[in-house]
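Let me begin by presenting the structure, written as structure tokens, before commenting on it.
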Amino acid sequence: MSLPANVMQWHIGLVGYGEVGRILAEDLRARGVENVLAYDIKLGGVDEQPLREHAQQHGVKLTASHGELAAGADLVISAVTASQAVPVAESCAASLRSGAWFLDLNSASPGAKTKAAGRVDSAGGRYVEGAVMTSIPPYRIRVPLLLGGPAAAGLARALNDLGFAGKVGSPKLGVVSATKMCRSVMIKGLEAMVIESFTAAR
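Counting from 1 along the sequence shown, just add 14 to a position and that's the residue number in my numbering.
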């Protein structure tokens, strides 16, 4: 499959329309991306109304399933819970267009990322591991993002043209996720030490 040369003409599918998905949808639309799709497991349930209202407000097309979203996307961005990272990759892989990109932003283990990559790549997609290095809301789409895997370099420029702040961390799957985990352990340890120090000082 040949993707449009202009990334602003890509169809971008967001799996997970929670806080992260909605922020990305808002920023992509604000930058001029016309075709933004989204799917969330809450659609069709009692909690769907806020999602539908947000989508209508920002010009986002909601789909009825993972498969419908994947079939219509040049780039799928998965932003769900860690436990759903592999199931989402599996659900999307069956309908993914040949040559389409799959960016996995989930805070899953290196092993889970490797398993998800196998599902996507074997279906003809191009999997890229993403590690979000800090909280998204202050930075929004410009949050520091490490990309990993053999296909990472091929997607980095397109992502940055879309407004992301991504850079290749490693061509080997699992490395950037491990990097994020190590950083999280260190930062949380420092935060705890500072809090305990202030408590002791008082």
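Beta carbons: idealized from backbone N, C-alpha and C, even for Gly. If you're wondering where the values come from, they're calculated on a predicted model, not measured in any experiment.
- When Val189, Thr95, Ser149, Phe116 are compared, the shortest CA-CA separation from leucine 173 is found for Phe116.
- Residue Glu40 holds the alpha-carbon nearest to the alpha-carbon of leucine 65 among Gly81, Gly46, Glu40, Arg45.
- Around the C-beta of glutamate 143, 16 or more other C-beta atoms lie within 10 Å, and the residue is accordingly described as buried.
- Beyond the five residues adjoining it in sequence on each side, valine 21 comes within less than 6 Å, by CB distance, of Ala172, Asp175, Leu176 in the same chain, given in chain order.
- Take the alpha-carbon of glycine 32 and the one of serine 123: they are about 21 Å apart.
- Closest in alpha carbon position to glutamine 70, among Glu210, Leu51, Val60, is Leu51.
- Annotated three-state conformation of proline 158 is strand, per DSSP.
- Taking each of Val182, Ala107, Gly168, Val29 in turn and checking the Cα distance to leucine 161, the smallest one comes out for Val182.
- Sorting Val90, Gly73, Leu187 by C-alpha distance to the C-alpha of histidine 25 places Val90 at the top.
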